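In terms of this note's numbering, the sequence shown is residues 19 to 427.
The beta carbon of each residue, even a glycine, is placed where N, CA and C say it ideally should be.
Computed from a predicted structure; not experimentally measured.
To start, the structure itself, in structure tokens.
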Amino acid sequence: MSTHDLPSGRWRDVAHATGLLGDDGTPRATIFAEMSALAARTGAINLGQGFPDVDGPESVKRVAAEAIAAGANQYPPGPGIPELRAAVASHQERHYGLHVDPDREVLITTGATEALAASILALAGPGDEVLTLEPFYDSYAAVIALAGARHTTVPLRATADGFRLDPDELDAAVTDRTRIILVNTPHNPTGAVLTAEELRRVVAAAHRHDALILTDEVYEHLVYDGLRHIPVATLPGAAERTLTVSSAGKTFSFTGWKIGWLTGPAALVDAVRTVKQFLTFTTGAPFQPAIAHALALETLTDPDSGWIAGLTASLAARRDLLSAGLADAGFTVVPARGTYFVIADAAPLGVDDAAVFSRELPERAGVVGVPVSAFTRAPGLLRSAVRFTYVKQEAVLHEAVRRLAELRP
Numbered sequence: 019m020s021t022h023d024l025p026s027g028r029w030r031d032v033a034h035a036t037g038l039l040g041d042d043g044t045p046r047a048t049i050f051a052e053m054s055a056l057a058a059r060t061g062a063i064n065l066g067q068g069f070p071d072v073d074g075p076e077s078v079k080r081v082a083a084e085a086i087a088a089g090a091n092q093y094p095p096g097p098g099i100p101e102l103r104a105a106v107a108s109h110q111e112r113h114y115g116l117h118v119d120p121d122r123e124v125l126i127t128t129g130a131t132e133a134l135a136a137s138i139l140a141l142a143g144p145g146d147e148v149l150t151l152e153p154f155y156d157s158y159a160a161v162i163a164l165a166g167a168r169h170t171t172v173p174l175r176a177t178a179d180g181f182r183l184d185p186d187e188l189d190a191a192v193t194d195r196t197r198i199i200l201v202n203t204p205h206n207p208t209g210a211v212l213t214a215e216e217l218r219r220v221v222a223a224a225h226r227h228d229a230l231i232l233t234d235e236v237y238e239h240l241v242y243d244g245l246r247h248i249p250v251a252t253l254p255g256a257a258e259r260t261l262t263v264s265s266a267g268k269t270f271s272f273t274g275w276k277i278g279w280l281t282g283p284a285a286l287v288d289a290v291r292t293v294k295q296f297l298t299f300t301t302g303a304p305f306q307p308a309i310a311h312a313l314a315l316e317t318l319t320d321p322d323s324g325w326i327a328g329l330t331a332s333l334a335a336r337r338d339l340l341s342a343g344l345a346d347a348g349f350t351v352v353p354a355r356g357t358y359f360v361i362a363d364a365a366p367l368g369v370d371d372a373a374v375f376s377r378e379l380p381e382r383a384g385v386v387g388v389p390v391s392a393f394t395r396a397p398g399l400l401r402s403a404v405r406f407t408y409v410k411q412e413a414v415l416h417e418a419v420r421r422l423a424e425l426r427p
């Protein structure tokens with residue numbers, strides 16, 4: 019049976035929303051799957067997909083192994099084990115002064131992706147608009163389509179100081195139909211860290227139009243250059259309408275464990291929990307106590323204390339290494355202030371379509387990146403830009419820089 023014979027359903031909406039519906043009506047693989055396969059086939063260095071090539075703290079792995087040996091192998095409670103919910107609440111208070119009730123205002127999820135999906139499915143539907151920054155992480159478009167809502171965007175603009183949000187464009191994009199403003203900071207793929215003033219404009223727009231705010235803060239601790247991450251929920255008038263999402267994957271380099279969480283007002287968390295229980299219900303029994311341990315590392319007397327500070331310093335150095343190499347190869351590099359990623363404009367190399375260029379890059383230079391057009395819908399927006407990740411070992415990045423030098427005009 020061909021896909022044309024399949025029953026109609028949301029899969030077509032999702033494929034269309036994510037740009038994965040081919041001209042013949044069949045779904046295509048994501049750009050990440052395609053580029054990773056291309057890297058494997060050509061032997062190119064894969065700087066397209068953002069995952070570390072080393073593990074996180076040894077003591078955290080030990081706690082997970084001990085939990086398996088102790089029998090933590092069956093379903094944990096749907097909202098998450100009490101120890102982890104308490105650790106998340108303590109983290110929010112210790113770092114940001116946010117007071118959340120671990121029993122009513124914290125929900126453990128299968129990664130941040132599920133937290134975001136369950137939130138949108140719970141709180142938006144047909145007739146609603148969900149506004150995201152553009153470029154945007156690809157799962158946003160997919161789950162907005164699943165909810166039957168309309169996806170609207172406001173662009174981030176490249177400047178000498180990184181990507182920035184234009185407040186007038188934001189105000190124009192938020193309407194009375196906007197149900198959710200989805201804010202991602204630190205931002206994937208641009209590396210932007212939104213300022214307090216940019217976030218205050220988001221909160222003001224949400225108040226004017228009675229919108230909810232959903233924040234993706236998975237890179238909250240991976241911020242450089244003396245900047246600091248500002249959770250939207252800490253701003254005046256924001257907490258009562260904001261759901262905050264984060265996870266352990268990026269902070270502790272355990273992306274495969276898929277332990278995420280959501281915090282916010284009890285009524286909103288209840289709504290999300292109602293949907294989440296029919297998705298995965300629960301997640302990662304032995305990993306939950308391990309992440310509870312990880313969240314306390316900065317305050318425990320432990321050889322791994324200071325993990326976050328060390329990781330951040332290392333990532334900043336690796337960002338600088340790759341950014342300098344890209345600039346030397348002829349790209350225009352937009353400063354990245356956080357995350358795993360840097361965006362490089364290939365226009366100075368004569369490139370006007372980064373999608374074509376990225377597919378040629380493995381053969382030309384033995385390196386894989388991802389076209390930023392995979393994260394956009396607006397025609398022509400960042401058309402010649404490529405996203406590269408620097409969350410790889412320095413030796414790998416040095417070799418990538420050496421190869422990229424072959425592109426130098």
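Please state the DSSP three-state secondary structure of residue i.
i: Ser-402; result: coil
i: Pro-389; result: strand
i: Gly-343; result: helix
i: Met-19; result: Residue placement at Met-19 is poorly supported in this model, since its pLDDT is 39, which falls under 50; the coordinates still yield a value, given next. Coil.
i: Thr-203; result: coil
i: Thr-252; result: helix
i: Phe-359; result: strand
i: Ala-281; result: Looking at the sequence itself, residue 281 is Thr, so the reference to Ala does not match. Three-state DSSP puts Thr-281 in a strand.
i: Gly-429; result: Only positions 19 to 427 of the chain appear in the structure, and residue 429 is not among them; the question remains open.
i: Val-236; result: coil
i: Val-118; result: coil
i: Leu-134; result: helix
i: Arg-195; result: coil
i: Arg-292; result: The amino acid at residue 292 is misidentified as Arg; the sequence shows Thr. Correct three-state label for Thr-292: helix.
Locate the alpha helix (DSSP H) running through residue i, then write down its first and last residues.
i: Asp-156; result: 156 to 165
i: Phe-375; result: 372 to 383
i: Leu-65; result: Taken as a continuous stretch (DSSP letters only), Leu-65 belongs to no alpha helix (DSSP H), as it is neither H nor E.
i: Phe-181; result: Run containing Phe-181: none in the alpha helix (DSSP H); it sits in the beta strand (DSSP E), 180 to 183.
i: Ile-99; result: Per DSSP, Ile-99 belongs to no alpha helix (DSSP H) and is neither H nor E.
Can you say whether residue i is buried or exposed, counting buried as having 16 or more other CB atoms within 10 angstroms of its CB?
i: Asn-91; result: exposed
i: Val-374; result: exposed
i: His-416; result: exposed
i: Gly-378; result: Sequence check: residue 378 is Glu here, not Gly. It counts as exposed.
i: Gln-306; result: buried
i: Pro-397; result: exposed
i: Arg-80; result: exposed
i: Val-72; result: exposed
i: Asp-363; result: buried
i: Glu-187; result: exposed
To the nearest angstrom, how far is the alpha carbon of residue i from that of residue j?
i: Glu-84; j: Ala-51; result: 34 angstroms
i: Ala-183; j: Ala-354; result: Before going on, a small fix: residue 183 reads as Leu here, not Ala. When rounded, the distance between both Cα atoms is 14 angstroms.
i: Leu-297; j: Arg-426; result: 49 angstroms
i: His-225; j: Ala-257; result: 12 angstroms
i: Lys-276; j: Gly-302; result: 8 angstroms
i: Leu-240; j: Arg-28; result: 35 angstroms
i: Met-19; j: Ala-310; result: Unreliable placement is indicated for Met-19, whose pLDDT of 39 sits below 50; no coordinate value is reported for it.
i: Ala-229; j: Ala-160; result: 21 angstroms
i: Asn-64; j: Ala-58; result: 8 angstroms
i: Leu-315; j: Ala-82; result: 15 angstroms
i: Arg-401; j: Ile-86; result: 47 angstroms
i: Arg-168; j: Ile-162; result: 7 angstroms
i: Glu-381; j: Gly-74; result: 33 angstroms
i: Val-221; j: Ile-361; result: 27 angstroms
Could you spell out where the beta strand (DSSP E) holding residue i opens and where it closes?
i: Leu-174; result: 168 to 177
i: Ser-265; result: 260 to 265
- prompt: Does the stretch 185 to 203 come close enough to the stretch 233 to 248 that 3 or more CB-CB pairs lie under 8 angstroms?
  reply: yes
message: Tell me whether the stretch 124 to 135 and the stretch 261 to 268 touch, counting them as touching only if at least three CB pairs, one residue from each stretch, are closer than 8 angstroms.
response: yes
- request: Determine, using beta-carbon pairs with one atom in the stretch 344 to 353 and one in the stretch 173 to 189, whether at least three such pairs fall under 8 angstroms.
  value: yes
message: Is it the case that the stretch 241 to 261 contacts the stretch 279 to 288, given that we only count it when at least three CB pairs across the two stretches are under 8 angstroms?
response: yes
- prompt: Would you call the stretch 140 to 157 and the stretch 191 to 198 touching, i.e. three or more CB-CB distances under 8 angstroms?
  reply: yes
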